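Since the structure comes first, as structure tokens, the remarks are kept for the end.
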Amino acid sequence: MATHPPLSVEVTRGPSVESRHDVHAVIMNGRGEVVESFGDQKRPTFPRSCIKPLQSIALVESGAADAFHLSEAELALACASHSGEEKHTTAVAEWLKRLGLDEAVLECGAQAPYASPSSMATVLCNNCSGKHTGMVTLALFMKESPKGYTNAMHPVQKRILDTVGEMCGVSISPSTCGIDGCSAPNPCMPLENIARGFSVFMSQDGLSSVRADACRRLYKAMTEYPGLVGGTGRLDTVLIGAAKGKILCKVGAEGVYACVVPEKDRVIVIKAEDGASRAAQAALYSLLEKFNLTDSEVLDVIRPITLPVQKNWRGTEVGVIRV
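Residue numbers 4 to 326, in our numbering, belong to the letters of the sequence shown in order.
Dropping the structure here:
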């Protein structure tokens, strides 16, 4: 294993560095071995939304997805941090209708859509409404009341947290969880354990056939429906689409990112020390490029998002973001 100082993401203005972000990163193979690390690989980290694919395993392996005939698009939405575009809200509303429910059952709170921040905030526009509909689906399958499904002691969350803990190799309890922006519990764990969870998700080593199948189905759903995972112009959607199934990535709030590259047997997990999403995105580009984890065509597509030229309100170029 090679260890390095934190990645330094710089934002320039003219000839000088105006701002600087430190970024921790772990690169792991499918055997759960750290092959490169930057900064503190054991930094306690809330994975936030990057962990949605691992949370959704319970929905699939339980049999709930099949019992309620969930489509691949709906599985992608269960893992999504969507932009609240019409295609997202319509799909979630139709899924709820098929369950005999409406958005009133969701406990994620109202949010203005990323796609139109000045629009009215609604529950369906919440970027986590697909994940929450998946949790409600799991509650119905378990014959539990959906009411209070975001409580860490609810049977749905206990099952999800047990699954995430098994994948990541940590013991999770309500005392190790914080409350996410969408009100669901979010477990704090070392950065390397988040990477371990995605390493197992990628390789399926040591998993039961049922859980391994769930991981493969979720990967396939997300890579076949990248537009549902994020939204127009969002890095998740653009990178997954450009890589044509060879890369899965998932953003989390507060400068967290997870990326899975099965063809290269690599997982990347990132945490920006100050929570800056621009730092996490820039670091992800840099690591994909440095370790040859994708081709130049894919890098060219995501570069304007991850390493944008800084412009002022008149469109004048004033600086860059660099790693």
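All C-beta atoms in this analysis are idealised placements derived from N, C-alpha and C, irrespective of residue type, glycine included. Here the structure is a predicted model, which is why all the values come from computation and not from measurement.
Check, Outcome
"Exposure label - Ile30; buried when at least 16 CB within 10 Å", "buried"
"Whether Asp268 touches Ser206 by CB criterion (9 Å)", "yes"
"For Gly209, the three-state DSSP class (helix, strand or coil)", "coil"
"For Phe144: DSSP bridge partner residues", "According to DSSP, which records beta bridges pairwise, Phe144 is partnered with nothing at all."
"Beta-carbon proximity list for Thr166, same chain, < 6 Å, skipping 5 on both sides", "Ile60 and Ala61"
"Cβ-heavy atom distance, Thr297 to the ligand GDP, below 8 Å", "Ligands are entirely absent from the displayed structure, and the ligand GDP is therefore not among its contents."
"Proximity winner among Arg214, Gly87 and Pro188, relative to Gly200 (alpha-carbon distances)", "Arg214"
"Among Glu88, Leu127, Leu242 and Lys314, the one whose alpha carbon lies nearest that of Glu106", "Leu127"
"Through-space distance from Ser119 to Glu13, alpha-carbon basis", "29 Å"
"Straight-line Cα distance separating Val108 from Ser148", "10 Å"
"Per DSSP, the bridge partner or partners of Asp25", "Ser11"
"Segment contact, 8 Å Cβ cut-off, at least three pairs: the segment 49-57 with the segment 291-301", "no"
"Same chain, Cβ closer than 6 Å to Glu110, neighbours up to 5 away in sequence not counted", "Thr153 and Ser186"
"Cα-Cα separation, Ile273 to Glu195", "10 Å"
"Residue(s) in a DSSP beta bridge with Ser19", "Arg16"
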